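Residue numbers (my numbering), protein chains in the order written: chain A, 1 to 246; chain B, 1001 to 1330. Where is the CB? At the ideal position from N, CA and C, for every residue including glycine. These numbers were taken from a predicted model, which means no experiment stands behind them. Read the structure below first, then the notes.
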């Protein structure tokens, strides 16, 4: 079943098309890695799909009223700014806002455990390190407990263990029958964990499919300007960029 | 934390004590028993007049103006996600002051007792329409601040122009004194005029707590949690305009309460904007009542202005808070 469908989604800034007619359907069980060089339109795609940006075309999410949208999709923005010294628990509990009070305690505890944050529960979130705060915000999005999760660079700035854990948690969400769309710069992590990669270039989809079809030498050189090392390992496909090609 | 739960009852108790003290302290040396008797039973001749027509409106206005300033300061800081925000930031205070200054300069205020507060309310109303129009249809905070700063500057410039061109030095003095902010010589008429606007404004502001909590994580995160930012901005702007406009109309410009009180109480509320709102209302009321008692005690014969005292106490206190914050962040 499709959880998100985008039809001809277009965003213009001035007279430039930042997003140029993206059509995409994401169904249950998919963990989509949104990849592409800086400025390709990854963040714009996520924000427009959520209705956070004025856009042309259609998004099944932005067509929903605000309240039901918040129960359908959680969003993890790129900015990790927590304005006030609230506790970790308070931040994570904000994810329950769209649901009223029911089931809050259990969902918050579960989200904290998933991101390995139980010991931080009562500490002010602003006292934590940047990477720890990022994990708190991921837990907040998990606590929202939605069929769909859109995450903008969720693993940037995390240590290797936290990066792997985040990707594993997202893969597990997909395996539960939800869907996750995460923009990600680490092609190796994307190749290893995502069920599907969507490659953006100049606001258009340049490739869409499993990692071995998207991370081809030709596309990597043409879109990213890199070449690298591929291998199939027992843990999954591995990719390591080695050199620039231009 | 237990501090959280005790905060509101403790502030309420403090407030009751300060309200009583405000009723009992003044230049006319009245006994406790005769004061209370006069206030509640209307018996005791001239004492009744002092209590019901002078001290009661002063205490009520002190309570309400302080609550409004504390609450709107907390709401504004929450909305703009910035601890340096204060209620005057959207231009309402300056515009209300300009309205009052025009009524003083034209002599309307002298001809008709309610002309000044009504002109101030009109100024606040005009500024809100301008701010909302200039800030545009989307719910962003930055456009609102910039529009507010522009309107503050414009209203301030007109006020200076009026002072500059005023042919009458006495009018200038009257305007300058009025702008310092005071609660002396207010009547129950002022109370009846201002309190409905303040109550309506506070009701709007108290509705914003949950949205402000979500806004802790930024505008995108708040919207994805179902917060309608345009509605939130409308509540904040209209609530602040009604409440602060009415407060400037009856008390003049009183600074620092809206800035210092939320800052001071935030640690006791676990940083949560929704808890800070009611706490700041109580705290602001307590600070203003205490200051208004202090001006009567410090200089009983000199008419020390309330706004001068709150700034004199508030600014160094604020510096102290910043100093401590600097130590934590370093």
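Quick one: does residue i have its CB under 8 Å from some CB of chain B?
| i | result |
| --- | --- |
| residue 314 of chain A | Missing from the structure shown is residue 314 of chain A; chain A here goes from 1 to 246 and no further. |
| residue 251 of chain A | Limits of chain A in this structure are 1 at one end and 246 at the other, which puts residue 251 of chain A out of reach. |
| residue 271 of chain A | This structure cannot speak to residue 271 of chain A, because chain A is shown only from 1 to 246. |
| residue 70 of chain A | yes |
| residue 87 of chain A | yes |
| residue 112 of chain A | no |
| residue 90 of chain A | yes |
| residue 135 of chain A | no |
| residue 50 of chain A | yes |
| residue 147 of chain A | no |
| residue 97 of chain A | yes |
Take residue i as the anchor and find which of the options has the nearest alpha-carbon.
| i | options | result |
| --- | --- | --- |
| residue 1165 of chain B | B/1105, B/1078, B/1005 | B/1105 |
| residue 1122 of chain B | B/1097, B/1013, B/1150, B/1111 | B/1097 |
| residue 193 of chain A | A/79, A/167, A/45, A/214 | A/167 |
| residue 1093 of chain B | B/1252, B/1053, B/1191, B/1299 | B/1252 |
| residue 1293 of chain B | B/1010, B/1021, B/1068 | B/1021 |
| residue 1070 of chain B | B/1326, B/1161, B/1086 | B/1086 |
| residue 1261 of chain B | B/1048, B/1058, B/1077, B/1013 | B/1077 |
| residue 1064 of chain B | B/1183, B/1153, B/1090, B/1095 | B/1183 |
| residue 3 of chain A | A/241, A/178, A/190 | A/178 |
| residue 1194 of chain B | B/1154, B/1124, B/1149, B/1161 | B/1124 |
| residue 127 of chain A | B/1280, B/1271, B/1296 | B/1271 |
| residue 1119 of chain B | B/1314, B/1247, B/1148 | B/1247 |
| residue 69 of chain A | A/52, A/85, A/218, A/234 | A/52 |
| residue 1209 of chain B | B/1136, B/1279, B/1134, B/1057 | B/1279 |
| residue 1090 of chain B | B/1244, B/1009, B/1296 | B/1244 |
| residue 244 of chain A | A/238, A/233, A/221 | A/221 |
| residue 59 of chain A | A/67, A/98, A/5, A/231 | A/5 |
| residue 169 of chain A | A/110, A/40, A/61, A/85 | A/110 |
| residue 98 of chain A | A/67, A/79, A/88 | A/67 |
| residue 43 of chain A | A/204, A/125, A/71 | A/204 |
In terms of DSSP beta bridges, what is residue i paired with?
| i | result |
| --- | --- |
| residue 31 of chain A | A/180 |
| residue 230 of chain A | A/239 |
| residue 205 of chain A | A/200 |
| residue 124 of chain A | A/87 |
| residue 12 of chain A | A/17 |
| residue 244 of chain A | A/226 |
| residue 7 of chain A | A/58 |
Per DSSP, what kind of secondary structure is residue i in: helix, strand or coil?
| i | result |
| --- | --- |
| residue 1256 of chain B | coil |
| residue 1346 of chain B | Since the displayed chain B opens at 1001 and closes at 1330, residue 1346 of chain B lies outside it and no answer follows. |
| residue 309 of chain A | Missing from the structure shown is residue 309 of chain A; chain A here goes from 1 to 246 and no further. |
| residue 75 of chain A | strand |
| residue 26 of chain A | strand |
| residue 129 of chain A | coil |
| residue 1228 of chain B | coil |
| residue 152 of chain A | strand |
| residue 2 of chain A | strand |
| residue 1164 of chain B | helix |
| residue 145 of chain A | coil |
| residue 1081 of chain B | coil |
| residue 1112 of chain B | coil |
| residue 216 of chain A | coil |
| residue 1182 of chain B | coil |
Does the CB of residue i have a neighbour CB from chain A at under 8 Å?
| i | result |
| --- | --- |
| residue 1216 of chain B | yes |
| residue 1326 of chain B | no |
| residue 1007 of chain B | no |
| residue 1035 of chain B | no |
| residue 1002 of chain B | Annotation note: pLDDT 45 at residue 1002 of chain B (below 50); position unreliable, coordinate value reported separately. No, residue 1002 of chain B does not count as interfacial toward chain A. |
| residue 1321 of chain B | no |
| residue 1224 of chain B | yes |
| residue 1196 of chain B | no |
| residue 1311 of chain B | no |
| residue 1279 of chain B | no |
| residue 1233 of chain B | no |
| residue 1262 of chain B | no |
| residue 1213 of chain B | yes |
Task: Three or more C-beta pairs below 8 Å linking the segment 1221 to 1230 of chain B and the segment 1172 to 1181 of chain B - done: no
Task: Cβ pair count under 8 Å reaching 3, the segment 1281 to 1293 of chain B against the segment 1303 to 1317 of chain B - done: yes
TODO: Spell out a yes or no on whether the segment 197 to 204 of chain A and the segment 12 to 29 of chain A are touching, meaning 3 or more CB-CB pairs, one atom from each, closer than 8 Å.
DONE: yes
Open item on the list: Check whether the segment 143 to 158 of chain A and the segment 172 to 182 of chain A touch, using three or more Cβ-Cβ pairs below 8 Å as the test.
Closed with: yes
Open item on the list: Within 8 Å, do at least three Cβ pairs link the segment 1122 to 1135 of chain B to the segment 1179 to 1190 of chain B?
Closed with: no
Task: the segment 1133 to 1142 of chain B touching the segment 1230 to 1238 of chain B, judged by at least three CB pairs closer than 8 Å - done: yes
- [ ] Please confirm if the segment 67 to 81 of chain A is in contact with the segment 128 to 148 of chain A, defined as three or more CB-CB distances below 8 Å between the two stretches.
- [x] Yes, the segment 67 to 81 of chain A is in contact with the segment 128 to 148 of chain A.
Open item on the list: Pairs of beta-carbons, one from the segment 105 to 124 of chain A and one from the segment 81 to 97 of chain A, closer than 8 Å: are there three or more?
Closed with: yes
Task: Cβ contact (3+ pairs, closer than 8 Å) linking the segment 157 to 177 of chain A and the segment 207 to 216 of chain A - done: Touching, no.
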